[in-house]
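Going by full-length UniProt numbering, the sequence shown opens with residue 1, and the numbers climb by one from there. Below you'll find the structure, written out as structure tokens, and then a few comments.
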Amino acid sequence: MPPTAEKRTSKGPAQNPGSRTPGARSNTRNGVSRSSSSSSSLLCRTCLRCRTKKVKCSGTRPHCTACTSSRKECKYPEDARRSGRMTKDHTRALQNEICILWQLVAERELPTQTQAQTQSQLGIIGPAGTPGSRGGDVLDSPDSEVSVPRQESSGHHRRDSYATTHGTGNGSSPQDVYIVGTVTEDGRVQAYGVTSTLHEPATVMPHEGTLLNTNSMADDEEKKARTQIVRDQLIANAAIQRQKETSLDLTPQVKQNIDFDGVEPAMAFHLLNLHWNRQHYSYLLTYRPAIMESIITGGPYVNKLLLNAIYYSTSLYCDSIDHNGTNSRGGRFYQRLKELLVQEIDQPSLPTAVALLLCGASLVSHGKQSAGWVLSGTAYRMIIDLGCHLSIDEVQQRSNRDNNGTPSRITAIEFEMRKRVYWGAFMTDKFQSLYLGRAPALRSTDVQPPKELLDSYEEMELWEPYRGLEDSPRHQSTYQPRLSYAVSTFTSLLRLAEIANQIIETFYSKNSMHTPMEDLRQMKAAITSHLDDWESSLPSHLHFDPCTDPTPPPHQITPHTTYWTLKILLERPFLNTGHLNFVSDATTQSHGEDSCTTAAVKIYSYVKAYHHTFTLRRAPYLLCYAIYSAVLVILRQSWHDRARLAECIPFFWSALIELQQGCNAGLKKPLSILKALMTRLGEDIPGLHGLGRERKSRATSNSVDGVGGFAGDINSQLQGDALGESFNTHLLQSLDLDFLNSEQWFNTAGEESLLDDSMYGLFTS
Numbered sequence: 001m002p003p004t005a006e007k008r009t010s011k012g013p014a015q016n017p018g019s020r021t022p023g024a025r026s027n028t029r030n031g032v033s034r035s036s037s038s039s040s041s042l043l044c045r046t047c048l049r050c051r052t053k054k055v056k057c058s059g060t061r062p063h064c065t066a067c068t069s070s071r072k073e074c075k076y077p078e079d080a081r082r083s084g085r086m087t088k089d090h091t092r093a094l095q096n097e098i099c100i101l102w103q104l105v106a107e108r109e110l111p112t113q114t115q116a117q118t119q120s121q122l123g124i125i126g127p128a129g130t131p132g133s134r135g136g137d138v139l140d141s142p143d144s145e146v147s148v149p150r151q152e153s154s155g156h157h158r159r160d161s162y163a164t165t166h167g168t169g170n171g172s173s174p175q176d177v178y179i180v181g182t183v184t185e186d187g188r189v190q191a192y193g194v195t196s197t198l199h200e201p202a203t204v205m206p207h208e209g210t211l212l213n214t215n216s217m218a219d220d221e222e223k224k225a226r227t228q229i230v231r232d233q234l235i236a237n238a239a240i241q242r243q244k245e246t247s248l249d250l251t252p253q254v255k256q257n258i259d260f261d262g263v264e265p266a267m268a269f270h271l272l273n274l275h276w277n278r279q280h281y282s283y284l285l286t287y288r289p290a291i292m293e294s295i296i297t298g299g300p301y302v303n304k305l306l307l308n309a310i311y312y313s314t315s316l317y318c319d320s321i322d323h324n325g326t327n328s329r330g331g332r333f334y335q336r337l338k339e340l341l342v343q344e345i346d347q348p349s350l351p352t353a354v355a356l357l358l359c360g361a362s363l364v365s366h367g368k369q370s371a372g373w374v375l376s377g378t379a380y381r382m383i384i385d386l387g388c389h390l391s392i393d394e395v396q397q398r399s400n401r402d403n404n405g406t407p408s409r410i411t412a413i414e415f416e417m418r419k420r421v422y423w424g425a426f427m428t429d430k431f432q433s434l435y436l437g438r439a440p441a442l443r444s445t446d447v448q449p450p451k452e453l454l455d456s457y458e459e460m461e462l463w464e465p466y467r468g469l470e471d472s473p474r475h476q477s478t479y480q481p482r483l484s485y486a487v488s489t490f491t492s493l494l495r496l497a498e499i500a501n502q503i504i505e506t507f508y509s510k511n512s513m514h515t516p517m518e519d520l521r522q523m524k525a526a527i528t529s530h531l532d533d534w535e536s537s538l539p540s541h542l543h544f545d546p547c548t549d550p551t552p553p554p555h556q557i558t559p560h561t562t563y564w565t566l567k568i569l570l571e572r573p574f575l576n577t578g579h580l581n582f583v584s585d586a587t588t589q590s591h592g593e594d595s596c597t598t599a600a601v602k603i604y605s606y607v608k609a610y611h612h613t614f615t616l617r618r619a620p621y622l623l624c625y626a627i628y629s630a631v632l633v634i635l636r637q638s639w640h641d642r643a644r645l646a647e648c649i650p651f652f653w654s655a656l657i658e659l660q661q662g663c664n665a666g667l668k669k670p671l672s673i674l675k676a677l678m679t680r681l682g683e684d685i686p687g688l689h690g691l692g693r694e695r696k697s698r699a700t701s702n703s704v705d706g707v708g709g710f711a712g713d714i715n716s717q718l719q720g721d722a723l724g725e726s727f728n729t730h731l732l733q734s735l736d737l738d739f740l741n742s743e744q745w746f747n748t749a750g751e752e753s754l755l756d757d758s759m760y761g762l763f764t765s
């Protein structure tokens, strides 16, 4: 058959001689069978031989006159103009499959050492304690081998181009994102995966225009330039918004026109400024430029629910506001928040998700653990529903550009806010899991947005204690303003949250009891390496030695105490009292005890510096957990070893009392644990002997004088000790007297079970 004939046959399947099209109606006149159905119209009117020879064809079926006379095979090809064509959706789906296959091939051909280093930087631990893939165990299975011909020139270049364009070391690949969500035709982010009946095909596929890109270096430079433009826009916008905030103090009439949901403007700005000074720096959950601009202009990034969440959470930090009781001002903020939640719950939005996270964290630390846990869980679900966990900013920026072709300012602000909301929720989830002893809700295997915060305005901003706080004049006058380093502190704490998640899932889940011992040892060594890498790679400006360095802002101390807390949390299961004690021998357990003791002393030094400079009434609950962890370490020491840690005991006692009187009112159980500790140490340490007997007689008097006398006795016994100043009448007078007088305070019948509690969760029973 001539080449031209072969080319034409490729247009579609040929019709076999004598074959009938299904459903056709035959006409047998003159022995010729013709199809009159619609399916016959899919065939050409001329046969293949006549078309090739370019002669007139009679068109009779099944054999034309020319083919019959020459006794040649007669075939009628399919008319490509009328045949069914693939839709755009089918084409995109096939292109997406090709991209995913190329990604699998590229990942499989990475050198083992390079792949391990890359995944180690991401903080990923596989099932066996070695670096693994985000995608699970598929790539590690021998059955999943993909065999493709190697091409030294074009094939290798295409893989490099793909990795440059799609491999995001700071987030997930676009192909991963497409599995769980896309951007719809009108630019909305949808969080419905490909298995959902609500999944809409993406109008702009993540690979479109990049799969065959042969200029990977130019594409990478373009991406860097585009990112720099967005960064400049965000920083400039943050500076402008901060100037607008400053101008509000000079224009009181503008404040009067702002709707603060019934709160006086002066009180509202007092609470907002206190929030930006303390709670905001914990996880950078609230994006200040977007929220403050929306407050002033009525924009979309704040609602009354978020305002009341800020009011309530900040009222716990404010001594001038009573936050105990339903009728108190702090209680009214919480009641108002619950009223507004009914209206906002069926309309998920970023402000509502942030409000739930803020309120949930505040409730947990204030003693309402169940309510806080439920609200936080609702926030996590809302964040997923909004698609904040998707790394699709590049895709959406292509379809949301201004006339100059650059991403618009509003779009850039929303992307930045989405990243902060997701990663702030991620850290809240992991650290709240430690605090409550419950499994995390946000899975680390979900698709995640980039961790890099482009708006770094707060990195070099000066921080000093908010003067609205009722700290002592000595603290306000002696503290020199220092750089906040908010973004780098956020990044370092985020890495610790990822390590904490690994520790919880590996050693504090039910599966840990069924994991082979060798695997447990390997995983412990891998996580230990991650912690060591965190310490060695910490930026120099975040280093802090409590013995020699001036005290940095409070949020810069928290990563250090959290690091040493995780060191304890990693060692505890393998000690002789741990649930994985069968993994380690006596020598290893002894080294683990020494490591925990060192960590407890380190926590003591950091908390002491924190307390001396800022007091602990407004400390975050993550610092409470560090103190609790250190207390448990001392509690489980032998009597001889506890004697050398005696100076830590009165300080931790005072610290927990002070924490309980501030924004961490839900610390009754940790206080009872420390009470048991002091009861046991009273038999060995001079000056504390008989403390347990005097405790009951003083407390039962149910008078402030009795409590004050109790504090005075302790102070007299600690004369000559620099820590004695930590015990003062004011602190003990403000202690929860109902708790002091309760039977729980005196009853030591369940002390042994108390001492065996796991440090995974302050409220574990």
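Backbone N, C-alpha and C fix where the C-beta goes; we use that ideal spot for every residue, glycine too. Just so it is clear, the structure is predicted and the values come from calculations on it, not from any experiment.
Roughly how many angstroms lie between the CA atoms of N30 and Y76, to the nearest whole one?
In this prediction, N30 scores a pLDDT of 43, lower than 50, which makes its location untrustworthy; no coordinate-derived value is stated.
For L483, write down the residues that DSSP places opposite it in a beta bridge.
According to DSSP, L483 bridges with L462.
Per DSSP, what kind of secondary structure is E339 in: helix, strand or coil?
Helix, per DSSP.
In the DSSP output, what is L43 paired with across the bridge?
Partner(s): E78.
When DSSP labels each residue in this structure, what does G298 get in the three-state scheme?
In the structure shown, G298 sits in coil (DSSP, three-state: anything other than H, G, I, E or B).
Could you pull out every residue in the same chain whose Cβ sits closer than 7 Å to the Cβ of L363, ignoring the five residues on either side in sequence?
Closer than 7 Å at the Cβ level, and outside the excluded window around L363, lie A371, G372, L375.
In chain order, which alpha helix (DSSP H) runs of at least 4 residues are fully inside the segment 518 to 588?
The qualifying runs are 554 to 571.
Within the chosen definition, does the segment 311 to 319 reach the segment 266 to 286 through at least 3 CB pairs nearer than 8 Å?
In short, these stretches touch, since the Cβ pair count reaches three.
State the Cα-Cα distance for the pair R51 and R61, rounded to the nearest angstrom.
Going by the C-alpha atoms only, they are around 15 Å apart.
If we call anything under 8 Å between Cβ atoms a contact, is W564 one with K510?
Cβ distance not < 8 Å, so W564 and K510 don't count as in contact.
Please name the residue in R226, E505, M417 whose C-alpha comes closest to that of H389.
The option with the nearest alpha carbon to H389 is M417.
I need the DSSP call for Q369, collapsed to helix, strand or coil.
The answer is helix: DSSP assigns Q369 an H, G or I state.
By the 10 Å Cβ neighbour count, where 16 or more other Cβ atoms means buried, how is S484 classified, buried or exposed?
Answer is buried; the Cβ neighbour count reaches 16.
Keeping to the same chain, check which residues put their C-beta closer than 6 Å to that of Q115; ignore five residues upstream and five downstream.
Reliability fails at Q115, whose pLDDT of 45 lies under 50, so the model's placement of it is uncertain and the value that follows must be treated cautiously. Once the five neighbours on either side are set aside, Q115 has no close Cβ partner at all.
Run through DSSP, which three-state label would E145 get?
Note that E145 has pLDDT 35, beneath the 50 cutoff, so the model's placement of it is unreliable and the number below is only indicative. Note: E145 maps to coil in three-state DSSP.
When you compare only the Cα positions, how much space is there between N213 and C44?
Residue confidence for N213 is low, a pLDDT of 44 falling below 50, so the modelled location carries little weight; the figure read from the coordinates is stated next. Each residue's Cα considered, the two are about 39 Å apart.
For N664 and A655, I'd like the C-alpha separation in whole angstroms.
Roughly 11 Å separates the two Cα atoms.
Starting from N273 and walking both ways along the alpha helix (DSSP H), at which residues does that stretch end?
Element bounds for N273: 265 to 277.
Classify T352: buried if its beta carbon has 16 or more other beta carbons within 10 angstroms, exposed otherwise.
With 16 or more Cβ atoms within 10 Å of its Cβ, T352 is classed as buried.
So, using beta-carbon positions, are A425 and G377 closer together than 8 Å?
Contact: no.
Alpha helix (DSSP H) containing D256: first to last residue?
For the record, residue 256 in the displayed sequence is Gln; it is not Asp. That run of the alpha helix (DSSP H) goes 252 to 256.
Could you pull out every residue in the same chain whose Cβ sits closer than 8 Å to the Cβ of S605, ignoring the five residues on either side in sequence?
Only P546, C547 meet the Cβ criterion.
Near T46, what residues of its chain come up, given a Cβ to Cβ distance below 7 Å and the 5 sequence neighbours on each side ignored?
If we look at T46 and ignore the five residues flanking it on each side, its Cβ neighbours are C57, G59.
Just to confirm the assignment, what range does the alpha helix (DSSP H) spanning Y312 have?
It spans 304 to 315 - the alpha helix (DSSP H) in which Y312 sits, taken as one unbroken run.
For the candidate residues P620, I527, T251, whose alpha-carbon lies nearest to that of R278?
Here the closest residue by C-alpha is P620.
Would you mind working out which of E593, G360, R617 sits nearest V633, comparing C-alpha positions?
Checking every option, the nearest Cα to that of V633 belongs to E593.
Report all residues from its chain with a CB closer than 8 Å to the CB of L570; omit the five preceding and five following residues, and keep chain order.
Only I503, F507, K524, I527, T528, L531 meet the Cβ criterion.
Does the contact criterion of 3 or more C-beta pairs under 8 Å hold for the segment 420 to 440 versus the segment 279 to 288?
Enough Cβ pairs lie closer than 8 Å, so yes.
By how many angstroms is the C-alpha of K304 removed from the C-alpha of I310?
Computed Cα separation, rounded: 10 Å.
Can you name the start and end residues of the alpha helix (DSSP H) that R49 belongs to?
Element bounds for R49: 48 to 53.
Assign H612 to one of three DSSP states: helix, strand, or coil.
H612: helix per DSSP, three-state reduction.
CB-CB under 6 Å to T297, same chain, minus the five flanking residues each way: which ones, in chain order?
Within the same chain, T297 has no close Cβ partners at all.
Using the Cα positions of L357 and D585, report the straight-line distance between them to the nearest angstrom.
Distance between the alpha carbons of L357 and D585 is about 43 Å.
Less than 7 Å between C-beta atoms, sequence neighbours within five positions excluded: which residues of the same chain meet that for F333?
Closer than 7 Å at Cβ, skipping near neighbours: N308, Y311, Y312, S315.
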